[in-house]
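Enquirer: Below is the structure I would like to discuss, written out as structure tokens.
In this note's numbering, the protein residues as written are 2 to 426.
See the structure below:
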């Protein structure tokens, strides 16, 4: 959510930003909110004038009474009464206007960074850099579910019976590998100075509204029936929500956090749920990294965060690349974002395994996250990035570490979490 003062003073910049995001249907909202804002400010100005006049006239009433001027006193009382009634009406009007303004401001997209490439959708995202050589084995790489099934590590049929499509049972060494990767990711981030958290897995609607756009919420979040609670789609939601209505001293920044959670997603949209596979599913687990920092530091942290993901994957011998998200692929709150994609030897192409985002002060403005500085309080910047999200990451891991006999190599970094084993058979 952008600053209403910025929108008021720079409507053309806000409109161009909307055009850059290919959301032309939102262009009329800029003029609409400017009119509502003017009406709101005029109402407040009128209310302030009435209060000053009411106080002035109220003092005159006592003087009239002391002078025996009963008629003048009664007239003044009537005038004060009329003012009180108008003030009450103005107060109700301000509440209504404030709600209308906020509703519109929540759907006007954040101003994107000038470095973001202009493009309509994810097909126009731009490759930044590759890390590691693309591995193509001299044998055919099976579909990831076939690899898991050969190792007796997955049961999708039973999951369909209990829960439907988009769910899975992992078992045996594949389940152990899944947990080992998460444990390694936890320690990887702790070693880089991040504080480990296990957050709540449900959050209130006020937090949901603070961390994401309405369209994202509708397509992602599961609502708990009869309660003001939603299942989280990522631990970023809980972790940023942790700072709601707080003022952080500058000396306590940056806040660098890494969190584990299960994640629950509807996955409504064009991609849909996979019937056979674990790439797009309703339930998974993830290790996340979150930073709350001063505005001038946020771009440096953005670069550190995606580099953490690259280093993590490369430590397990998985080739990756970074992909700059174009304007049309950015969620409304994001200033800048890049995807980390892993190499798939089977498909001989890259696929997304994580996303790094700088949200500027958008979440902080919605949630009231401020910094106490020498010259007063100001809004923080928030960032988030995926460390790893198995079981999707398992696809890249299995394909890049597959031996011709169907066994799986265990990279050196992961062996302590797999009982010292060097291979899964």
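Where is the CB? At the ideal position from N, CA and C, for every residue including glycine.
Measure the CB-CB distance between residue 349 and residue 199 and report whether it falls below 8 Å.
Expert: Cβ distance not < 8 Å, so residue 349 and residue 199 don't count as in contact.
Enquirer: Please list the segments of the alpha helix (DSSP H) lying wholly inside the stretch 115-202, counting only runs of 4 or more residues, in order along the chain.
Expert: Within the stretch 115-202, the complete alpha helix (DSSP H) runs of at least 4 residues are 145-151, 157-163 and 173-192.
Enquirer: Touching or not, the stretch 24-34 and the stretch 393-404, by the rule of three or more beta carbon pairs under 8 Å?
Expert: Too few Cβ pairs lie closer than 8 Å, so no.
Enquirer: May I have the straight-line CA-CA distance separating residue 71 from residue 52, to the nearest angstrom?
Expert: Each residue's Cα considered, the two are about 23 Å apart.
Enquirer: Using CA coordinates, which residue listed in 247, 426 and 252 is at the minimum distance from residue 369?
Expert: Considering only alpha carbons, the answer is 247.
Enquirer: Ordered along the chain, which non-local residues of its own chain (more than five positions away) have a Cβ less than 7 Å from that of residue 346?
Expert: Answer for residue 346: 136, 137, 138, 142, 400 and 401, listed in chain order.
Enquirer: Which same chain residues end up closer than 6 Å to residue 412 when comparing Cβ atoms and leaving out the 5 residues on each side of it in sequence?
Expert: Cβ neighbours of residue 412 beyond the five flanking positions: 317 and 318.
Enquirer: Given this structure, state the Cα-to-Cα distance separating residue 230 from residue 203, to the nearest angstrom.
Expert: Straight-line Cα distance between these residues: approximately 6 Å.
Enquirer: Are the beta-carbon atoms belonging to residue 9 and residue 38 less than 8 Å from one another?
Expert: Their beta carbons are under 8 Å apart, which means residue 9 touches residue 38 by this criterion.
Enquirer: Whose C-beta lies closer than 8 Å to the C-beta of residue 85 among residues of the same chain, with five residues either side of it excluded?
Expert: Cβ within range, chain order: 55.
Enquirer: Assign residue 256 to one of three DSSP states: helix, strand, or coil.
Expert: Strand at residue 256.
Enquirer: List the endpoints of the continuous alpha helix (DSSP H) containing residue 305.
Expert: Segment 299-315, the alpha helix (DSSP H) holding residue 305.
Enquirer: Per DSSP, which one or two residues make a beta bridge with residue 288?
Expert: Residue 288 pairs with 261 and 389.
Enquirer: Could you tell me the alpha carbon to alpha carbon distance between residue 26 and residue 163, rounded to whole angstroms?
Expert: About 42 Å.
Enquirer: Do residue 364 and residue 387 count as a contact pair if the criterion is CB distance below 8 Å?
Expert: Cβ atoms of residue 387 and residue 364: not closer than 8 Å.
Enquirer: Name the residue from 375, 221 and 358 whose alpha carbon lies nearest to the alpha carbon of residue 114.
Expert: The shortest Cα separation from residue 114 among 375, 221 and 358 belongs to 358.
Enquirer: Roughly how many angstroms lie between the CA atoms of residue 19 and residue 107, to the nearest whole one?
Expert: The alpha-carbon atoms of residue 19 and residue 107 are separated by roughly 13 Å.
Enquirer: Using only alpha-carbon positions, find the residue among 260, 176 and 147 that is nearest to residue 195.
Expert: Measuring from the Cα of residue 195, the nearest candidate turns out to be 260.
Enquirer: What does the alpha-carbon distance come out to for the pair residue 414 and residue 181?
Expert: Computed Cα separation, rounded: 10 Å.
Enquirer: Spell out a yes or no on whether the stretch 209-226 and the stretch 322-336 are touching, meaning 3 or more CB-CB pairs, one atom from each, closer than 8 Å.
Expert: The answer is yes - the stretch 322-336 touches the stretch 209-226, with three or more Cβ pairs under 8 Å.
Enquirer: For residue 249, which residues in the same chain have their Cβ closer than 6 Å to its Cβ, ignoring the five residues on either side in sequence?
Expert: The answer, listed in chain order, is 372.
Enquirer: Looking at residue 322 and residue 351, is the spacing between their C-beta atoms short of 8 Å?
Expert: Against a cut-off of 8 Å, the Cβ pair of residue 322 and residue 351 comes out as a contact.
Enquirer: Looking at the structure shown, is residue 408 part of a helix, part of a strand, or coil, going by DSSP?
Expert: Of the three classes helix, strand and coil, the one that applies to residue 408 here is coil, per DSSP.
Enquirer: May I ask which residues mark the beginning and end of the alpha helix (DSSP H) holding residue 322?
Expert: Unbroken run through residue 322 is the beta strand (DSSP E), 321-325; no alpha helix (DSSP H).
Enquirer: Is DSSP giving residue 376 helix, strand or coil here?
Expert: Coil at residue 376, not helix or strand.
Enquirer: Report the partner residues of residue 343 according to the DSSP bridge assignment.
Expert: Answer is 321 and 352.
Enquirer: Quick check on the DSSP output: the alpha helix (DSSP H) that includes residue 247 runs from which residue to which?
Expert: No alpha helix (DSSP H) contains residue 247, which is instead part of the beta strand (DSSP E) from 247-250.
Enquirer: If you count every other CB in all the chains shown that lies within 10 Å of the CB of residue 366, and 16 or more means buried, which is it?
Expert: It is buried - the Cβ of residue 366 has at least 16 other Cβ atoms within 10 Å.
Enquirer: Measure the beta-carbon distance from residue 302 to residue 339 and round it to whole angstroms, keeping in mind my assumption that it falls under 8 Å.
Expert: At roughly 13 Å, the Cβ-Cβ gap does not stay under 8 Å, so residue 302 and residue 339 are not in contact.
Enquirer: Quick one: grab the DSSP three-state call for residue 238.
Expert: Three-state DSSP puts residue 238 in a helix.
Enquirer: Hey, quick one: how far does the alpha helix (DSSP H) through residue 426 stretch, first residue to last?
Expert: Careful: residue 426 lies outside any alpha helix (DSSP H) and carries neither H nor E.
Enquirer: According to the Cβ coordinates, are residue 22 and residue 356 closer than 8 Å?
Expert: For residue 22 and residue 356, no; Cβs fall outside 8 Å.
Enquirer: As an exercise, report each continuous alpha helix (DSSP H) stretch of at least 4 residues that is fully enclosed by the stretch 203-234, in chain order.
Expert: List check, alpha helix (DSSP H) in window: 206-212 and 215-221.
Enquirer: Run the CB neighbour count on residue 64, radius 10 Å, all protein chains shown included, and call it buried at 16 or more, exposed below.
Expert: Result: exposed.
Enquirer: When burial is assigned at 16 or more other CB atoms within 10 Å of the CB, is residue 239 buried or exposed?
Expert: Its Cβ being crowded by 16 or more others within 10 Å, residue 239 is buried.
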